[in-house]
Amino acid sequence: MNKLLFKQVDNSPLIVFRIIFGLLIALEAWGAIATGWVRRTLVEPKFTFNFIGFDFLQPIPEPGMYIYFGLMGSFGILIMLGVKYRLSVIAYTVLWTCVYLMQKTSYNNHYYLLILLLIFMCIVPAHTYLSYDARKNPNLRSIKMPNWVVLFLIAQVWIVYTYASLAKFYPDWLDGTFPELLMKGRAHYWLIGDLLQHQWTHVGITYFGILFDLLVVPLLLWKRTRVTVFWISVFFHLFNSIVFQIGIFPYMSLAFTVFFFPKQYIQQTFLKSKPFYSKDAYDSPKSAPLIKTFFAVWFILQLLLPLRHHFIKGEVLWTEEGHRMSWRMMLRSKTGYSSFRIKNLTTGETNYVELEQYLTQKQRRQLIKPDGIWQFTQHLKEEYAAKEIPIEIYARIKVGINGRQPQFLIDPKLDLTTITWNYFSHNDWILPQPESIP
1 MNKLLFKQVD NSPLIVFRII FGLLIALEAW GAIATGWVRR TLVEPKFTFN
51 FIGFDFLQPI PEPGMYIYFG LMGSFGILIM LGVKYRLSVI AYTVLWTCVY
101 LMQKTSYNNH YYLLILLLIF MCIVPAHTYL SYDARKNPNL RSIKMPNWVV
151 LFLIAQVWIV YTYASLAKFY PDWLDGTFPE LLMKGRAHYW LIGDLLQHQW
201 THVGITYFGI LFDLLVVPLL LWKRTRVTVF WISVFFHLFN SIVFQIGIFP
251 YMSLAFTVFF FPKQYIQQTF LKSKPFYSKD AYDSPKSAPL IKTFFAVWFI
301 LQLLLPLRHH FIKGEVLWTE EGHRMSWRMM LRSKTGYSSF RIKNLTTGET
351 NYVELEQYLT QKQRRQLIKP DGIWQFTQHL KEEYAAKEIP IEIYARIKVG
401 INGRQPQFLI DPKLDLTTIT WNYFSHNDWI LPQPESIP
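Structure representation (structure tokens):
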């Protein structure tokens, strides 16, 4: 195991990846400003749906969040150039993680993946060549790296793709119901909109999506299929970028492939002036036990987290419990409606909550999810407690999955001020899923 992990190999893939990675995360941060994402998600809302337990992370008042994301983008460029690399990548990691935990209205599995990649980049020697740091400090300069760097990245990517494939093995994906719904919302796309409505397109997306996610990593590892699968990956990720408009993720996924090709090929293609490290050397550092322990803990968590919903009562499509951080990407469509009413226990009066006074249109979609219901209820409780008004809160919330008729998610007669949130188990105030849910 030591020889496998600590064998010294050429570091060209890591150097190339650092440059691409830094550029992409800079574009992610600055693009969030340019596209209005920061404004819509963090500036305009009066109330923020944090990850539960992280209420202390709140958006900075305007123009604070614009400065925040502008600074993140600058750190991305510093990472790309290898300027104060370790400080820059740690800073970006902290800032990005705070944003991730600060809101979940725009939750995306790719945002979580970026946290994992940033942690990876914090611990690897990605700045030892073609960087400002290596130029300023010749003692830092190196053309080699431990083999665990490559193994770590490949293992992490393999986990992501495999769980993404396995999650698709449910009836609404296998019979094309959800892929068809996905494409209906894109009928207006120029040139390809009509093409996306054909049944054969839906069938192709259904099974190509499963097979690609399941096989892409092993086929990239196999020399005979590597080049062919790379070009299939280019098509797949560009298709996703155009059709689903999911930011930098498709391009980050293509950047991963530098770790699958022969290191000498990467060096000759991108870093021709760089010497190639070809020695058969092995260097087990004093920190080897710590590194192996980190590996073990990291990958045990990565393997178990996506499975946790199997140990929680109820169907994850209905309850959402165990959905996040599980690589359940683009698997279902939820529609529904919600209304809240507050009963003043002093006067006996009942009034409906004007949701638009509290939440943006996109935020109101959180009210068809159990954790969003609980968090909004807590917000209303705190507001009325500050006025010293005793209240009860009731809600009519119906949810439909993948085009089905909406059904009650919670009992409309339940006083929501009495419910609690269970972080690691099922919340019994969620009604059982309808039999029609697959």
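Using the UniProt record's numbering, you'd call the opening residue of the sequence shown number 1 and step up by one each time.
Heads up, the beta-carbon is just placed ideally off N, CA and C, and yes, glycines get one too.
Note that the structure is predicted; figures quoted are calculated from it, not measured.
Query, Result
"Residue span of the alpha helix (DSSP H) that contains R224, given as start and end", "K223 to F244"
"N351 - partner residues in DSSP beta bridges", "I342"
"Reference Y337; option with closest CA among K313, E388, P412 and K381", "P412"
"Where N427 falls, given that 16 or more other Cβ within 10 Å makes a residue buried", "buried"
"Status (buried if at least 16 other CB within 10 Å, exposed otherwise) for Y265", "exposed"
"Range covered by the beta strand (DSSP E) that runs through Q8", "Q8 to D10"
"Test item: CB-CB of L271 and L130 under 8 Å", "yes"
"F230 to L117 span [Cα, whole Å]", "21 Å"
"Distance between H237 and Y251 (C-alpha atoms, nearest Å)", "7 Å"
"Test item: CB-CB of I391 and T418 under 8 Å", "no"
"Touching by the beta-carbon criterion (3+ pairs, under 8 Å), the region 54 to 74 and the region 273 to 282", "no"
"Beta bridge counterpart(s) of M145 as assigned by DSSP", "V9"
"Which of helix, strand or coil DSSP assigns to T335", "strand"
"Which residues DSSP lists as bridging G400, in chain order", "T335"
"N2 versus Q245: straight-line alpha-carbon distance, rounded", "42 Å"
"Distance, A29 Cα to I90 Cα", "15 Å"
"Straight-line gap, I79 to I20 (C-alpha atoms, nearest Å)", "10 Å"
"Whole-Å CB distance - V217 paired with Y277, under 8 Å assumed", "Actually they are not in contact, since the Cβ atoms of V217 and Y277 sit about 25 Å apart, beyond 8 Å."
"Proximal residues to Y111 (C-beta, below 7 Å), its chain only, five neighbours per side dropped", "Y100"
"Nonlocal neighbours in the same chain, by C-beta distance under 7 Å from N402, ignoring five residues either side", "D172, T177, F178, L181, R332 and S333"
"CA nearest to the CA of residue 441, picked from Y107, N422, M102 and M72", "Here the chain covers residues 1 to 438 and nothing more, so residue 441 does not appear."
"Three-state secondary structure (DSSP) of A395", "strand"
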